[in-house]
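Reading through the structure tokens given below for one structure.
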Amino acid sequence: MPSFTAADWQAVRLTASLASLSTILLLVAGTPLAWWLSRTRSAVKPFVSAMVAMPLVLPPTVLGFYLLLLMGPQGPVGELTQALGLGRLPFTFAGLVVASVIYSLPFVVQPLQQAFEAIPERALEAAATLRAGPWDRFFTVALPLARPGLLTASVLGFAHTVGEFGVVLMIGGNIPGETRVLSVALYGHVEALEFDAAHRLAGGMVAFSMLVLVSLYVLNRPAGRRGAG
Amino acid sequence: MISAALALSRPGFALDVSLALPGRGVSVLFGPSGCGKTTVLRALAGLERARGHVRLGEEAWQDDARGVFLPPHRRPLGYVIQEAALFPHLTVRGNLEYGLKRIAPEARRVGLDQPVELLGIGHLMDRRPDTLSGGERQRVAIARALATSPRLLLMDEPLAALDAARKAELLPYLDRLHAELSMPVVYVSHAIDEVTRLAHHLVLMSDGRVVAAGGLADLMARLDLPTAREEGAGVVLEACVAERDSRWQLARLAVGAEAPGESTPVSSDFHLWARDHGLPVGSRVRVRVLARDVSLARLPQAGTSIGNQLQGTVEEIAGDEHESLALVRVRVGASPVVARLTRRSAHALGLAPGMPVWVLVKTVALMP
């Protein structure tokens, strides 16, 4: 296997931490949102669903452009972060995390929502008549039954964050160690006509994606065929 | 004593019932699909929000006047539905322990061993729900509910999803439930067979209302209720085994006998011969006499295969579901027997209330 340069490794590490942190935040924020969407009969549900799904249809550059405006010095989010003493988000790692969470939201919320919707109401009612309160029911019945959805959501959220490019370029630019993630580094190699280096990164990402998806499908096989589980 | 007044309205359906159910034995809510019996059960459990009140003894689970509404997980009840609803991610043991774990140790009166033994599921403990048969799943669901030491057991058609063989397999377990645990049961059913087998108290429902409520024997003897129109209509009588005829494998049942003691009861309304199911003399049994198995005659019959001939008095005659049929209630001693005849036969016999008549009972179903 051709060796990675120190700069390549830096990009790999940066990408891995960005994707891990984003996935954790996505699960923390996406799980209650998905639960709410799966159980609510509220009139605002279609609007919330549409907002969540927006990144699926918008070109990443559109999303990145508006996030840049929002988080910029004159944007409302930018003014807030500066007032709180957090500084500006664009062209920082923190800004990338915020953008990734928004960009990858549908990839986490939708599988979770589908998994929660598939849980029969009677299972939750049975838990209630067995003295489990609402939180208890959620953690001991809903989450375990939504396990395949939770796994899919984590993997898709992680992989999609690894693969983002347009939003990163808009929000983060290309600062080594801060915002130069794999996809941007790859683009840099190609622009500089360093095709060997580009092959290392691109081939690595193909292998990584394949590995992740195969593990996902293996882990998410129906319980019956896996025996116990 | 369970008392409840429940009202709710939905498009196309209104429920307005008031119930006073005995604090022991099995109370069956009986009625056609859509009559609201499941909604009543769900409202008793707190799974459905109806207006009114629900009280178990002195304890108010719901009292709108005082703003009391306990959520389901704060009501000490067990709830079993048609589909069992076992947790697929837990083993049988995990399912049983799910409820038990949530009961404070000092409040555990039942535990795990008794329900496991009672429902015969000891050999299934490490199995997953998806590897169980329908009947086994339902037994686990009942044991799981019992393990929470409920003070009231609610059952919503627990046999409806099972075929006849599985039903027959589960029924004896249900019999043992009220025999061994002194726990009031409210049982929803639309099957008259289950009613006559299990009920002590019966609530007949129709269109979101209570049509009649009372002891099983009293209601089954009434001709003005929907139960009398059922194919399986007929009286249910309490009896005890008075004698066993080993030569013909028959048992003589003393119907309406008060004392169930060891000796043959002193007073009883009449005797019926039935197949001997091996129950010892003195055993208390429930006897079901279907209206279609009863014939009437003006004189005692000779040269007939019917072994049970009783002398009684016609009490009431009513029309049946079909124009051609009539239902006749005859009082034999203090016990009622209902016969289903053609109206032509009733006319030919000149039946009228007060008239003495001979009751010929062809078959008797015995329920231990």
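Those sequence lines, one after another, are chains E and Z.
Just so you know, our numbering puts 80 at position 80 of the first sequence, and the rest follows in order with no gaps.
Just so you know, our numbering puts 1296 at position 296 of the second sequence, and the rest follows in order with no gaps.
Yeah, the Cβ is synthetic: ideal placement off N, Cα and C, and Gly gets one too.
Quick caveat, the model's predicted, so the values are computed rather than measured.
{"Asked": "Is the beta carbon of Arg1075/Z less than 7 Å from the beta carbon of Gly1036/Z?", "Found": "no"}
{"Asked": "Should Lys1167/Z go down as buried or exposed, given a rule of 16 or more other Cβ atoms within 10 Å for buried?", "Found": "buried"}
{"Asked": "Spatial neighbours of Pro111/E within its chain, please: C-beta separation below 6 Å, excluding the five flanking residues on both sides.", "Found": "Gly149, Thr152, Ala153"}
{"Asked": "Where DSSP assigns a beta bridge to Ile1121/Z, which residues make up the other side?", "Found": "None; Ile1121/Z has no bridge partner."}
{"Asked": "Tell me, please, whether the CB atom of Thr1038/Z is closer than 7 Å to any CB atom in chain E?", "Found": "no"}
{"Asked": "Using CA coordinates, which residue listed in Val1210/Z, Gln1311/Z, Asp1016/Z, Arg1331/Z is at the minimum distance from Ile1317/Z?", "Found": "Arg1331/Z"}
{"Asked": "Given a cut-off of 7 Å, decide if Val1236/Z and Arg1176/Z are closer than it, judged by their beta-carbon atoms.", "Found": "no"}
{"Asked": "Give a yes or no on whether 7 Å exceeds the smallest Cβ distance from Gly1099/Z to chain E.", "Found": "yes"}
{"Asked": "Let me make sure I understand the geometry here. Which of Arg1010/Z, Phe1013/Z, Leu1021/Z has the alpha-carbon closest to that of Ala1004/Z?", "Found": "Leu1021/Z"}
{"Asked": "Which residues in the same chain have their Cβ closer than 8 Å to the Cβ of Tyr1173/Z, if we skip the five residues on either side of it in sequence?", "Found": "Leu1118, Leu1119, Gly1120, Arg1139, Ile1142"}
{"Asked": "Looking only at C-alpha atoms, which of Pro120/E, Gly163/E, Phe91/E, Glu194/E sits nearest to Ala207/E?", "Found": "Gly163/E"}
{"Asked": "Between Glu125/E and chain Z, is any beta-carbon pair separated by less than 7 Å?", "Found": "yes"}
{"Asked": "Helix, strand or coil for Leu1237/Z, going by three-state DSSP, please let me know.", "Found": "strand"}
{"Asked": "With C-beta atoms as the reference, is Leu1327/Z less than 7 Å away from Leu1216/Z?", "Found": "no"}
{"Asked": "Below 8 Å on the Cβ atoms is my guess for Ala1297/Z versus Leu1360/Z; work out the distance and round it to an integer in Å.", "Found": "6 Å"}
{"Asked": "By the 9 Å beta-carbon criterion, what residues does the stretch 1106 to 1122 of chain Z contribute toward chain E?", "Found": "none"}
{"Asked": "Would you say the stretch 42 to 61 of chain E touches the stretch 124 to 143 of chain E, given that touching needs at least three Cβ pairs under 8 Å?", "Found": "no"}
{"Asked": "Smallest Cα separation from Pro1115/Z: which of Thr1148/Z, Leu1086/Z, Leu1090/Z?", "Found": "Thr1148/Z"}
{"Asked": "Which of the three DSSP states, helix, strand or coil, is assigned to Asp1163/Z?", "Found": "coil"}
{"Asked": "Let me make sure I understand the geometry here. Which of Gly1232/Z, Leu1279/Z, Glu1231/Z has the alpha-carbon closest to that of Ser1246/Z?", "Found": "Leu1279/Z"}
{"Asked": "Within the 7 Å Cβ cut-off, does Ala1085/Z reach chain E?", "Found": "yes"}
{"Asked": "Which residue from Val1338/Z, Leu1124/Z, Ala1060/Z, Gly1282/Z puts its Cα closest to that of Leu1090/Z?", "Found": "Leu1124/Z"}
{"Asked": "Please report the distance separating the alpha-carbon of His1200/Z from that of Pro1150/Z.", "Found": "19 Å"}
{"Asked": "Judging by CA-CA distance, which residue of Val181/E, Ile171/E, Ser100/E is the nearest neighbour of Leu26/E?", "Found": "Ser100/E"}
{"Asked": "Along the alpha helix (DSSP H) that carries Val168/E, what are the first and last residues, could you check?", "Found": "166 to 171"}
{"Asked": "Can you find at least 3 beta carbon pairs, one from the stretch 1084 to 1103 of chain Z and one from the stretch 129 to 148 of chain E, that sit closer than 8 Å?", "Found": "yes"}
{"Asked": "Taking only beta-carbon atoms, is Tyr1079/Z less than 7 Å away from chain E?", "Found": "yes"}
{"Asked": "Given a cut-off of 7 Å on the beta-carbon distance, is the pair Gly1052/Z and Ala1014/Z in contact?", "Found": "no"}
{"Asked": "Can you name, in chain order, every residue of its own chain whose Cβ lies under 6 Å from the Cβ of Pro1336/Z, other than the five neighbours on each side?", "Found": "Ala1221, Val1235, Arg1329"}
{"Asked": "Please check the pair Val12/E and Leu182/E, which I expect to be a contact at CB under 8 Å, by giving their CB distance rounded to whole angstroms.", "Found": "6 Å"}
{"Asked": "Secondary structure at Arg1108/Z, three-state DSSP: helix, strand or coil?", "Found": "coil"}
{"Asked": "Nearest to Val1255/Z by alpha carbon, out of Cys1240/Z, Ser1018/Z, Ser1206/Z?", "Found": "Cys1240/Z"}
{"Asked": "Should Glu116/E and Ala202/E be called a contact, given that it needs their Cβ atoms to be closer than 7 Å?", "Found": "With the sequence shown as reference, residue 116/E is identified as Phe, and Glu is not the correct amino acid for it. In this structure, Ala202/E does not lie closer than 7 Å to Phe116/E by Cβ."}
{"Asked": "Quick one: does Arg1102/Z have its CB under 7 Å from some CB of chain E?", "Found": "yes"}
{"Asked": "Per DSSP, what kind of secondary structure is Leu1253/Z in: helix, strand or coil?", "Found": "strand"}
{"Asked": "Can you check whether the CB of Gly166/E is closer than 7 Å to the CB of Gly64/E?", "Found": "yes"}
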